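Heads up, the thing below is written out as structure tokens.
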Amino acid sequence: MAEDTRSALELVQTLRGRGVTTAEIAAELQRSPRMVRKILNGETSGGVYRATLLELADTGRATTVPPRRRTRDNTLVPVRTKRGAATKSAPPVDTGGRYTSAKQGGRLRSTTYLAGGGRQHELNIPKSKDAKGRATADREILDRVRAAARGQARDTQKLIRTRLTYANGRVMEVNDYNASTMLQRINEANGNALAWLSAESAQRYTNLDVTSTPITGVTMTVYEKAKTPGYFREQARGRTRRTRTPTPPRSS
0 MAEDTRSALE LVQTLRGRGV TTAEIAAELQ RSPRMVRKIL NGETSGGVYR
50 ATLLELADTG RATTVPPRRR TRDNTLVPVR TKRGAATKSA PPVDTGGRYT
100 SAKQGGRLRS TTYLAGGGRQ HELNIPKSKD AKGRATADRE ILDRVRAAAR
150 GQARDTQKLI RTRLTYANGR VMEVNDYNAS TMLQRINEAN GNALAWLSAE
200 SAQRYTNLDV TSTPITGVTM TVYEKAKTPG YFREQARGRT RRTRTPTPPR
250 SS
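Numbering-wise (numbering that gives the first Met the number 0), the sequence shown opens with residue 0 and increments by one.
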């Protein structure tokens, strides 16, 4: 098999052509979007980012982080801080090209970039109902749903399929929702995404007590679908909620 010789610029262009945004590429590299724009503008070769970009282009996800630049005396080169910070620059965290760790405590564990501009987001969530990580998970889920809703076009909609894992090991799927509809439902639940997902589960998963068995994992698959005449008719009627067929439960 021939070696892949694509440059960092070509890899970024490939990812952008698949619908991966500059901000998303930057997040996977753990760098600022400005650095990705510098690669696109030819201001830097981006060679240090090539391995991670190649992994993203080939597999849809990154498991490594590009190492930080160092000076001749082997100290980390300071990076620009965010606006409003006490100093203009500061030493960055040394990623050292290590494998990215699975983020726990309700934070996003990983994102896989799928063909056709789709996304698959995975979160791990602590069991304790009072854990700070559950509030973090609510924000993460809401952010992903909001981003999907914003990404819809005039003739295409974003749908979200959600798979839930419970503390007892049970796994179930919530029926696909239009991103804007899901965002509305979560907002109606006071922005509590996990509470809304639990309520949806209670309607479909009658042999599970969702009040005592918490959600400990969420996988969200976001994909595009053309808007049909039926979609526009339903939109004109104010999106009356339709009765959904329960999804049969299954064991993990």
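Using N, Cα and C, we set each Cβ at its ideal position, and we do this for glycine too.
Quick caveat, the model's predicted, so the values are computed rather than measured.
The C-beta distance from serine 44 to alanine 7 rounds to 6 Å, short enough to meet the 8 Å contact threshold. In terms of Cα proximity to leucine 14, the closest of Lys87, Gly116 and Thr180 is Gly116.
With contact defined as three or more Cβ pairs closer than 8 Å, the segment 143-156 and the segment 216-230 are in contact. Sequence-distant Cβ neighbours of leucine 196 in its own chain, meaning closer than 7 Å and more than five residues away, are Thr161, Leu163, Val173 and Ile214. Taking a C-beta distance under 8 Å as the contact criterion, valine 64 and glutamine 29 qualify as a contact pair. Taking C-beta separations shorter than 8 Å and ignoring five residues to either side along the sequence, the partners of threonine 51 in its chain run Glu27, Leu28, Ala61, Thr63, Val64 and Pro65, following chain order. Assignment of aspartate 154 by DSSP, reduced to helix, strand and coil, places it in the coil class. Per DSSP, the unbroken beta strand (DSSP E) holding glutamine 119 starts and ends at 118-123. Here threonine 111 is near glycine 59, since their CB atoms are less than 8 Å apart. Looking from the CA of glycine 46, the closest CA among Thr4, Ala194 and Ala146 belongs to Thr4.
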